[in-house]
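Just so you know, the sequence shown maps onto residues 1 to 220 in full-length UniProt numbering.
Each remark here refers to the structure printed beneath this line.
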Amino acid sequence: MSRIGMRMNKLKSLVGVRNGPGAAKLPANVTKIHMEFGHKWNDGHLGPRKFWRENLPRLKYHNPEVPMIVNRTHDQAGPATLSIYMSGGAPAEPQAAQIEGTTGAEPKRAVVAADAWRTIASSSTGGARAPPAGEGETVVTINMKNVRSHDILKQFMEKTGAREVEPSPEDQEEMARLVELQERAAYDKEVQRRYREKIQSEKRLLERARQEADAIKADK
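Given below as structure tokens:
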């Protein structure tokens, strides 16, 4: 891979995890998130898989203190659920304003004592089922089966009252650099393609000339 390609991939991964669908700050009453869905994309599990791969990493980046457990199962006929654990008994009202980058001190997140989540971790074999709500918690569940990832995200944002995080000025600069790198990479790729075509054309001409020379010698 070229140096430009390596720089572009690194920049893409850094900017991509901070920005885009799923880049949101959760309110303080959201204490935990649990996902459960099948390993494969068929039977209604495509949307959940895309949400897990594309949106959940951004949510985790902006909310590192919120436990997020993923339970993948081999039962394609089984459920696909997104469970949102909340303290205080009711979801927060959605915030009208968006936030840019990181802000000042956030409200302190509630911590539920004697938490069963302390003993579980994400599983790819169905071993991390959603624990019951703790004392003072409620669980809001989204049925993700046969639902597209962007609709899952829309429901999640509405039910949690999460605030979308807009790109910071620094990230906007990085994204502009990424566009420049992509354009340069496309230009370099085209230059290399034309160079290869030129070399191949010259080889064909040389081969034709050699064949003609051999034919002349054979006629003598």
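From the three backbone atoms N, C-alpha and C, an ideal C-beta is built for every residue, glycine too.
Counted within 10 angstroms of its Cβ, other Cβ atoms place residue i as buried (16 or more) or exposed
i	result
K32	buried
E207	exposed
E158	exposed
V15	buried
N42	exposed
residue 277	Coverage of the chain is limited to positions 1 through 220, which leaves residue 277 absent and any answer about it impossible.
Neighbourhood of residue i by C-beta, 7 Å cutoff - its chain only, sequence neighbours within 5 removed
i	result
Q200	none
Y187	none
P167	N19 and M175
Proximal residues to residue i (C-beta, below 6 Å), its chain only, five neighbours per side dropped
i	result
P21	N55 and L153
M68	I33 and K60
N146	G44
K198	none
DSSP beta-bridge partners of residue i
i	result
I69	H34
L82	M35 and I142
R210	Answer is none; R210 lacks a bridge partner.
Whole-number beta carbon distance between residue j and residue i, since they are thought to touch under 8 Å
i	j	result
S87	N29	5 Å
Cα-Cα separation, residue i to residue j
i	j	result
G161	I84	12 Å
K50	H74	17 Å
K189	K40	35 Å
G134	N19	32 Å
A218	A209	14 Å
A128	T138	19 Å
I142	E36	11 Å
V191	E173	27 Å
E183	W117	46 Å
Check: residue i C-beta below 7 Å from any heavy atom of the ligand HEM
i	result
R72	With respect to small molecules bound, the structure shown includes none, and the ligand HEM cannot be examined in it.
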